[in-house]
Structures are given as structure tokens and as C-alpha cells.
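Quick note on full-length UniProt numbering: the sequence shown kicks off at 1 and runs consecutively.
Following: one structure in C-alpha cells, then a few remarks.
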Amino acid sequence: MAEDWTLEEVERTVEVYFTMLGLELGGERYSKTEFRRQLRADLGNRRTEASFEFKFQNISAVLQDLGSETVDGYKPARNVQQLLREQVAEQYEKNHELRQAMLRAATEPASQGSVLSDPVDTPELIVPDTGFTPRAAMIDFAAVEAANRSLGLAGEHAVVDYERAVLCRGGRDDLAERVEHVSRTRGDGLGYDVLSFSGETGQERYLEVKTTRSSRYRPFLLTRNELAASEEWGEAFVLCRLFRFSETSAQQYRIVGPLGTGLELVPSTYLVYPHRGRSGRAS
């Protein structure tokens, strides 16, 4: 049986992860392999490279629970050592500069013109631990990014361009001309953003776009209206999740059909209607 990780090992591993995350947020190139090998050597080669790989995935899971950015490529993994959880939370709260870099990335205006690649397989996202845990440094960067209207609009434009290009490649220029950015032409309350068409049948498709600069493993926010639209349109409804969105390129995965099936919907906020008789003063 493998020995538990020591405080020194955990502290140093978290530090290295945060260093990589800072470089990533700054748009700098780096080698995960080199960082991992150097970390292993610094700690006396007592652990395998695979064990550091998994520990980095554990850190991603803890940061996801905190609403934070994570390093691209380290899919969140559970079974987290309590010592690691405590160290990640402690270093995250102290690292004001890193959190400010995340905030800049989430709020920075986006420019249009990004070229969207073909969809990849939908990732399996790990549902975070639930419960009330007070955290002074808690910022929900997914919510902050979702409020970045310029980013959302740029993502929608990328999907419009992609849909038109796909239809044209399939010889359906007539349908490509009818692709409509409905959130701009009709309003933002229809439960979807783009009206497109099946190149094979010509049937309408209703595309809702969710855009992030982060990795494919970042969860996204869904409104009650969007959920209802997916139930209404059934298999004609498509959720387009754009990730790693930049000025020049973006990736995507797609979820077809009603979103109430096969997905984990976790309540994040509530709309509250007070009842008579609930007033009172604290003693």
C-alpha cells in the first residue's frame, strides 16, 4: 500500500500546480512533463510520475469545488486526501495575484472571428462535493464568465459561422443563407441563440451556445428557460459548449436533446418568495 503523502510533498505539489496555472492564464507556453519531472526529482524520486499526474487531477477537483480555473489537461479526479484539500484551499486563498489573473481572464472583452473546430466527444464531468463551507476567497468564475456578454456574443457568432460553413460544404447554400442569430434578431429570451438546419433533412435545429475560455471540464450555467426549451424542441435542440475560446480558434462539444436527461443539474441559486409569518428579529 502506498504511503500517505507528507506535508512537504503536498505543499510543493500544490505550488507547482499553481505555477503552471499562472503561466496558462498569462498565455505562456510551458511543458507539463518538465514541471512534473522536476517536481519528482525535487522530492527525491519517491513517487512515480503517474502519482504526480493523479495528484494534479485531485487538485483540479478541489479547485473546481472552489469555483476556480484549473490547469487544462488535468481532468478533475476525486478520492482527494484531506491534507491536499486543506493545502489547496489555503494556498488558493493566499494567492491574490492568481485569483486576479482568473478574474481578468473571465471578464476580458472578447473579439469576434474565432474559427470553431468540429465537435469532440462530450467529457464526463465530476459532480463537486456539496455542503456549506465558508470560504473568504470564494469567487464563482463560471458565473463571472457567463456574465461576460462580449464573450457569449463572440461564441454565438462563431457557431453561426460554423453552421453556415458546414451547410455550404454539404451543398446546402440555400439553408446556410437561412441560419439566423436569433438572440440578436429576435431577443435573448427564446431559450436558444442560433437557428440552424439539418443538412440532410432540412429540419430546423435550435442551438444554445455556452462559451468559456477555460477547459472542456468547466461546468456551465443553465437557465430554467433554456432547460424548458430543450424539453420543448427535443432532438432538434442542441447545446453547443465552446471551450478554450481565443481570438483565433475554439473547440466545442455538443449535447443533443432534452437537457434534463443524462446530465447532473446542481442547484446554485434560488429565486425566493417569502411567506407571511416568516418575519422576525434575531435575538
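Glycine is no exception: its CB is placed at the ideal position from the N, C-alpha and C atoms.
Quantities reported herein were computed from a predicted structural model and do not represent experimental measurements.
The continuous alpha helix (DSSP H) containing S60 extends over residues E49 to D65. Taken atom to atom, the span from the alpha-carbon of T48 to that of W5 is near 12 Å. DSSP lists C240 as the beta-bridge partner residues of V209. Residue pairing from DSSP places V115 in a beta bridge opposite S249.
With a cutoff of 8 Å on beta-carbon distance, T107 and N148 are scored as near each other. If you ignore the 5 residues before and after A176, its C-beta comes within less than 7 Å of the C-beta of R164, L167 and C168, all in its own chain and listed in chain order. Taken through DSSP and simplified to helix, strand or coil, S230 comes out as helix.
Relative to D72, the option among R276, Q251, K210 and P267 whose CA is nearest is Q251.
When the beta-carbon positions are compared, L116 and Y162 come within less than 8 Å of each other. T185 and S111 have their C-alpha atoms some 20 Å from each other. Remark: fewer than three beta-carbon pairs, one from each stretch, lie closer than 8 Å, so the segment 50–67 and the segment 96–106 are not flagged as touching. For S196, the enclosing beta strand (DSSP E) starts and ends at V194 to F197. Note that the C-beta distance between L239 and A158 is not below 8 Å.
The beta carbon of F18 lies closer than 7 Å to those of Q91, N95 and L98 in the same chain, with the five residues before and after it left out. Here R172 has G199 as same chain residues with Cβ atoms under 6 Å from its own Cβ, once five neighbours each way along the sequence are excluded.
Secondary structure of R149 (DSSP, three-state): helix. Taking every protein chain shown into account, the CB of Q82 has fewer than 16 other CB atoms within 10 angstroms, so this residue is exposed. E156 is positioned such that its CB atom lies closer than 8 Å to that of S183.
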